[in-house]
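Number of protein chains: 2
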Amino acid sequence: MSADADQTDFQARLTAVADAVEVTLDRLLAPDTLPNEVTRPPRLLEAMRYSTLGGGKRLRPFLLVETARLFGVEGVGPLRAGAALEMIHCYSLVHDDLPAMDDDDLRRGRPTAHKAFDEATAILSGDALLTYAFDVTAGEQTHPDPGVRAALVLALARASGLGGMAGGQALDLEAERRTEPHTAAFVLQMQSMKTGALLLYAVEAGAILGGASPSQREALMHYGMALGAAFQVADDILDAESDTETLGKAAGKDAGRNKATLVAALGLDAAKARRDLLAREAAEALTATGLGARTAILAEAARFTVDRKS
Amino acid sequence: MSADADQTDFQARLTAVADAVEVTLDRLLAPDTLPNEVTRPPRLLEAMRYSTLGGGKRLRPFLLVETARLFGVEGVGPLRAGAALEMIHCYSLVHDDLPAMDDDDLRRGRPTAHKAFDEATAILSGDALLTYAFDVTAGEQTHPDPGVRAALVLALARASGLGGMAGGQALDLEAERRTEPHTAAFVLQMQSMKTGALLLYAVEAGAILGGASPSQREALMHYGMALGAAFQVADDILDAESDTETLGKAAGKDAGRNKATLVAALGLDAAKARRDLLAREAAEALTATGLGARTAILAEAARFTVDRKS
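If you're matching them up, the sequences are chains B and A in order. First residue of the first sequence: 1, per UniProt numbering; consecutive thereafter. First residue of the second sequence: 1, per UniProt numbering; consecutive thereafter.
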């Protein structure tokens, strides 16, 4: 198969998973209450839907779903775990955009949640999305084995919490308040938490759902770590080179803010070299899974991660 | 045993559990990282500790620990589940106090988190506490059976989320923006979500950990619902009658804000009658557990809930 055909297959698969995740999120965020819920307040639910539906590449759920599929595990389980992961990602964007944080008005080309609703509703909708992600992950439909569900909850919480994504955002904000330049070591640590941890969880969750062997899981985690790092340096490069219209969010803000980025720490050329190296490292890590050609879709995902334009 | 002796036993037990919960929280919020955590950012961790340690009656963990103890389940498991529950309670206070929400400067007689730190750190520390609560609940040390841990996660998420606590806070804030008086039916629904759901979870979690039979669980849930309702109407009465110094937070704010309270909806006398009725209902529900005198401590807890001065 030619590289072009691979690319077409990948895009079709990415779209198919994004559509299935959208349907899953739409159903999970319906007005109907679940057992033990009193009522779902309409405005809060609307804000939760606003920030999760109709947007995004769904890269994280895609990685989760495709990793589980390597082991023949498909359908509602991985889609629910992927939708929960996307809720965590979306909640983090809502809170990061708040006036007290990055103070952004634009996200995916639309007003941010606190602009479209109000600040209190934005905070609460983020809290509720974060909480609901654990509800969905722990639910029986996600996997029949409660041991698998408990393992997913534990991994998701650790990736999202003070030693992962939330901690990474705290470090990022502290960095912005400093005036001296940031070391590459600091930027790498911060990014491995802020964006890397959740991308790694996507692959880890797929491995947990799929019942990967320890060596397969190790290889997949290696892939996930390289991919996560590649993703973030690609993001830094995009911010430095792109414009607001293409990006769908404010571009070029990093330089003006003493933001901790690899472009600032290493320079643009070194950042690009690192990005390409990491994408190759991610693809190569897949061979150690022993799963052969089936992993081609994840290798494509690594290429997509560094080639994307927004 | 006289009522006075009961009271002394209850206070001693309440203090003992509060001390054990404090130690558990202190250990969980240590600087040491857990597997898969990159690092725990010191300032974020400090803010998490500030909002959870050294304060509060620990009523929710107490109810959880004592309910589990009815079935002979004691030690690290219930303490971890109780500490996780307390993290959820504390995160909700941190976010509720934010300028965009209730805009409070004082909590438990100390500056609120966004005053002691800053708004971004307060938001993130709340997010991280909420997330960590699920980490702790899902962890192996909480219970050897992953089915029990998954059930706890599911119940905790549902009690805290859009159909529970977070949804209740959203309704409460919306109510404040209206100018017409609130119906008792609305106030009851909002309160059953905002404060009731988490108190009910405390009892539910104890029943799950203890392996209560379906009928015992039903009786305990009845107790938990009555106790939760009694707690909140007692809170409304305290706000109407107490002063800021005794309460450790701003008092008398409800009336000035068109806050949805039962005192406003029913009048002070009817609210007090309801409070006392609910406390009795809670105590009586315990007889249906068939556990006899062992439940006396929970009956005391119901009495304490309505008799407290802050």
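Ideal placement from N, C-alpha and C gives every residue a C-beta, glycine not left out.
Checklist entry - Taking the DSSP output, what are the residues bridged to LEU106/A? => result PRO111/A
Next on the checklist: What does the alpha-carbon distance come out to for the pair LEU156/A and ASP103/B?
Outcome noted: 31 Å
Item to check | For GLU37/B, three-class secondary structure by DSSP | outcome: Reduced to three states, the DSSP call for GLU37/B is coil.
Item to check | Spatial distance of GLY292/A from GLU300/A (CA atoms) | outcome: Each residue's alpha carbon lies about 14 Å from the other.
Item to check | Proximal chain A residues relative to ARG158/B, where beta-carbon distance stays under 7 Å | outcome: LEU34, ASN36, GLU37 and ASP135
Next on the checklist: In whole angstroms, give me the CA-to-CA distance for ALA205/A and ASP172/B.
Outcome noted: One C-alpha to the other measures close to 37 Å.
Item to check | Same chain only: Cβ atoms within 6 Å of PRO31/A, ignoring 5 sequence neighbours per side | outcome: Non-local beta-carbon contacts of PRO31/A in its own chain, meaning distances under 6 Å to residues more than five positions away in sequence, involve ARG40 in chain order.
Checklist entry - Exposed or buried, THR179/B, counting other C-beta atoms within 10 Å across all chains shown (16 or more means buried)? => result Around the beta carbon of THR179/B, fewer than 16 other beta carbons sit within 10 angstroms, so the residue counts as exposed.
Next on the checklist: List, in chain order, every chain B residue whose beta-carbon is nearer than 7 Å to that of SER192/A.
Outcome noted: VAL38
Checklist entry - Any idea if GLU22/B is buried or exposed, counting beta-carbon neighbours within 10 angstroms, 16 or more meaning buried? => result buried
Item to check | Where ALA30/B falls: helix, strand or coil (DSSP) | outcome: coil
Checklist entry - If you check the beta carbons only, do VAL203/B and THR67/B fall under 8 Å apart? => result yes
Next on the checklist: Just to confirm the assignment: which complete alpha helix (DSSP H) runs, minimum length 4, are found wholly within the stretch 56–125 of chain B?
Outcome noted: 59–69, 76–96 and 113–116
Item to check | Rounded C-alpha distance that separates ASP19/A from ALA12/A | outcome: 11 Å
Next on the checklist: I want to see whether chain A comes within less than 8 Å of ARG178/B, judged by CB atoms only; does it?
Outcome noted: no
Checklist entry - Taking just the CA atoms, how far does ALA128/A sit from ASP276/A? => result 37 Å
Checklist entry - Roughly how many angstroms separate the alpha carbons of GLY290/B and LEU64/B, rounded to a whole number? => result 18 Å
Item to check | C-beta neighbour in chain B for ILE123/A, strict 8 Å | outcome: yes
Checklist entry - Quick one, which residues of the stretch 89–101 of chain A are near chain B if we go by CB-CB under 9 Å, in chain order? => result TYR91, SER92, HIS95, LEU98, PRO99, ALA100 and MET101
Checklist entry - Which value, in whole angstroms, describes the spacing of the CA atoms of PRO146/A and LEU209/B? => result 15 Å
Item to check | Among SER160/A, HIS143/A, THR142/A and THR121/A, the one whose alpha carbon lies nearest that of PHE134/B | outcome: SER160/A
Checklist entry - For GLU176/A versus ARG257/A, is the C-beta distance shorter than 8 Å? => result yes
Checklist entry - Buried or exposed: which applies to THR8/B, given that a residue is buried once 16 or more other Cβ atoms fall within 10 Å of its Cβ? => result exposed
Checklist entry - Considering only residues of the same chain and omitting the five flanking positions on each side of ALA260/B, which have a CB-CB separation below 7 Å? => result The answer, listed in chain order, is ASP172, ALA175, HIS182, PHE186, VAL187 and MET190.
Item to check | Chain-order list of residues whose beta-carbon lies under 7 Å from that of ARG303/A (same chain, five-residue window excluded) | outcome: For ARG303/A, same chain residues with a beta-carbon under 7 Å away, outside a window of 5 residues either side, are ALA279 in chain order.
Checklist entry - Which residues of chain B have a Cβ atom closer than 8 Å to the Cβ of ARG43/A, listed in chain order? => result ALA170 and GLU174
Checklist entry - Taking Cβ to Cβ, would you say LEU227/A is nearer than 8 Å to ALA282/A? => result yes
Checklist entry - Hey, out of VAL73/A, LEU268/A and ARG217/A, whose CA is closest to ALA240/A's CA? => result The alpha carbon of ALA240/A has as its nearest neighbour, out of VAL73/A, LEU268/A and ARG217/A, the alpha carbon of LEU268/A.
Next on the checklist: For SER213/B and PHE117/A, what's the separation of their Cα atoms in angstroms?
Outcome noted: SER213/B and PHE117/A have their C-alpha atoms some 45 Å from each other.
Next on the checklist: When you compare the CB positions of ARG49/B and LEU79/B, do they come within less than 8 Å of one another, or not?
Outcome noted: no
Next on the checklist: Excluding the 5 residues flanking ALA81/A on each side, which residues of the same chain have their C-beta closer than 7 Å to its C-beta?
Outcome noted: LEU64, THR137, THR142, LEU152, ALA205 and LEU209
Next on the checklist: Just verifying my parser: in three-state terms, what is the DSSP assignment at LYS259/B?
Outcome noted: Assigned with DSSP and collapsed to three states, LYS259/B falls in coil, not helix or strand.
Checklist entry - Which chain A residues are close to LEU162/B, counting only those with a beta carbon under 8 Å from its beta carbon? => result GLU37, ARG40, PRO41, LEU44, LEU45, MET48, ALA128, THR131 and TYR132
Checklist entry - In terms of residue numbering, what span does the alpha helix (DSSP H) encompassing ARG303/A cover? => result 296–307
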